[in-house]
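In the UniProt record's numbering, the protein residues as written are 1 to 346.
Think of the CB as a built atom: it goes at the ideal place given N, C-alpha and C, for glycine as much as any other residue.
Notes follow once the structure below has been shown.
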């Protein structure tokens with residue numbers, strides 16, 4: 001998780017929660033028995049997560065979640081600046097005859113886990129990594145570097161990786177398939193579609209699913225990808241996205257799975273998706289029907305078709321699986337069976 005807002009006042013032995021108190025209805029509260037109390041000055045409801053750290057050995061964990069919008073924008077700019085700094089350091093450190101490519105991957109996401117339509121865990125994920133490739137005399141070697149966000153530490157890690165690759169290259173054979181793109185192309189794409197405020201998501205969830213047994217996770221934030229080479233190529237891509245994946249459970253233990261993801265949040269679209277899942281949940285309460293072996297006409301929902309297609313992709317179209325007879329489509333491949341003319345794969 002990312003750091004909490006240090007300007008907020010914290011109680012001794014635990015972190016200060018950062019979700020508004022008026023969302024108490026959607027926040028999970030400690031149960032009976034040894035009930036935890038709000039200490040004076042806490043000012044916000046607790047996020048119940050059991051006896052976890054940090055926050056004191058016997059306290060529910062209070063995760064730092066809310067990040068001011070201007071700070072989120074500043075962090076996104078820092079990610080690109082950090083990448084440009086690493087590229088500059090590598091270019092300056094190259095020796096005669098050396099070439100490099102550097103890939104960059106980073107994300108900063110807020111996430112909330114729900115159970116019984118209540119917040120059970122909230123926090124922020126911030127992570128970044130770099131993929132360094134060093135080329136010299138027809139040889140190449142790669143190393144992945146986990147970045148910390150500390151500029152000095154990351155520069156030192158990348159310098160260490162460069163030195164390790166220099167020591168590795170002489171031990172490798174010449175790569176006969178090595179082909180390098182020596183063009184100095186430039187590409188920059190930054191999608192600035194604003195993400196919904198977490199407060200709006202929680203309010204909508206409380207209104208639309210407060211009476212349901214909803215279990216799921218919501219995550220939203222920017223994802224960044226970068227690429228640079230010693231030939232002068234530089235590419236940067238950054239986009240905001242969200243993903244709300246949840247299941248609605250019936251009292252009989254069965255569940256309906258649903259998902260809402262994209263780059264442009266629409267409260268109406270989310271509400272329609274949630275209501276569709278609720279309608280499907282009602283069918284799970286009907287008495288079960290035991291079918292005897294035979295042929296039946298059946299309707300497959302889009303999600304069911306996706307599951308079947310995904311299962312067929314587990315080696316179904318693999319040349320090796322077909323050659324060894326392990327493909328789920330083996331009879332179709334051998335000509336022993338055929339699909340309905342209404343079904344086709346493209």
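Only residues of its own chain outside the window of five on either side were considered, and among them 103, 235 have a CB closer than 6 Å to the CB of residue 227, listed in chain order.
Residue 79 counts as buried, since no fewer than 16 other beta carbons sit within 10 angstroms of its beta carbon.
In the three-state DSSP reduction, residue 245 falls in the strand class (E or B). Between residue 264 and the set 192, 304, 330, the nearest pair of CA atoms involves 192. Of the residues assessed, residue 122 falls on the buried side of the cut-off, its CB having 16 or more other CB atoms within 10 angstroms. Every beta strand (DSSP E) of 3 residues or more that sits fully in the region 179 to 222 is shown, in chain order, as 186 to 190. Check the Cα spacing between residue 260 and each of 269, 297, 115, 254: the tightest is with 269. Shortest Cα-Cα distance from residue 254 to any of 219, 319, 285, 109 involves 285.
For residue 240, the number of other beta carbons within 10 angstroms of its own is at least 16, and it is reported as buried. Beyond the five residues adjoining it in sequence on each side, residue 114 comes within less than 8 Å, by CB distance, of 120, 205, 214, 215, 216, 217, 218, 246 in the same chain, given in chain order. Judged by DSSP in its simplified three-state form, residue 313 adopts coil rather than helix or strand.
Taking all protein chains shown into account, residue 200 has fewer than 16 neighbouring C-beta atoms within 10 Å of its C-beta and is therefore exposed. Counting of Cβ neighbours within 10 angstroms places residue 96 among the exposed residues, the total staying below 16. Distance check between residue 316 and each of 301, 302, 332 places 332 closest, using alpha-carbon atoms only.
Secondary structure note for residue 276: its alpha helix (DSSP H) is the uninterrupted segment 267 to 284. Burial is judged here by how many other beta carbons sit within 10 angstroms of a residue's own beta carbon; residue 290 has fewer than 16 and is exposed.
If you compare the alpha carbons of 275, 151, 305 with that of residue 208, the shortest gap goes to 275. Burial check for residue 232: the Cβ neighbour count within 10 Å stays below 16, so the residue is exposed.
Taking all protein chains shown into account, residue 175 has fewer than 16 neighbouring C-beta atoms within 10 Å of its C-beta and is therefore exposed. Following the DSSP letters along the chain, one finds residue 110 inside the beta strand (DSSP E) bounded by residues 99 to 115. One thing to note: residue 153 has its Cβ no nearer than 7 Å to the Cβ of residue 130. Comparing alpha carbon positions, the residue from 177, 117, 157, 106 closest to residue 248 is 117.
Looking at the backbone, the Cα of residue 90 and that of residue 138 are separated by about 19 Å. Counting the other CB atoms within 10 Å of its CB gives residue 194 a total below 16, which places it among the exposed residues. For residue 133, the uninterrupted beta strand (DSSP E) segment begins and ends at 118 to 136. For residue 156, the enclosing alpha helix (DSSP H) has its first and last residue at 151 to 168.
With 16 or more other Cβ atoms from the protein chains shown falling within 10 Å of its own Cβ, residue 124 counts as buried. Counting the other Cβ atoms within 10 Å of the Cβ of residue 224 gives 16 or more, which makes it buried.
By the Cβ-count criterion, residue 335 is exposed, with fewer than 16 other Cβ atoms from all chains shown falling within 10 Å of its own Cβ.
If you draw a straight line from the Cα of residue 319 to the Cα of residue 328, it comes to about 12 Å.
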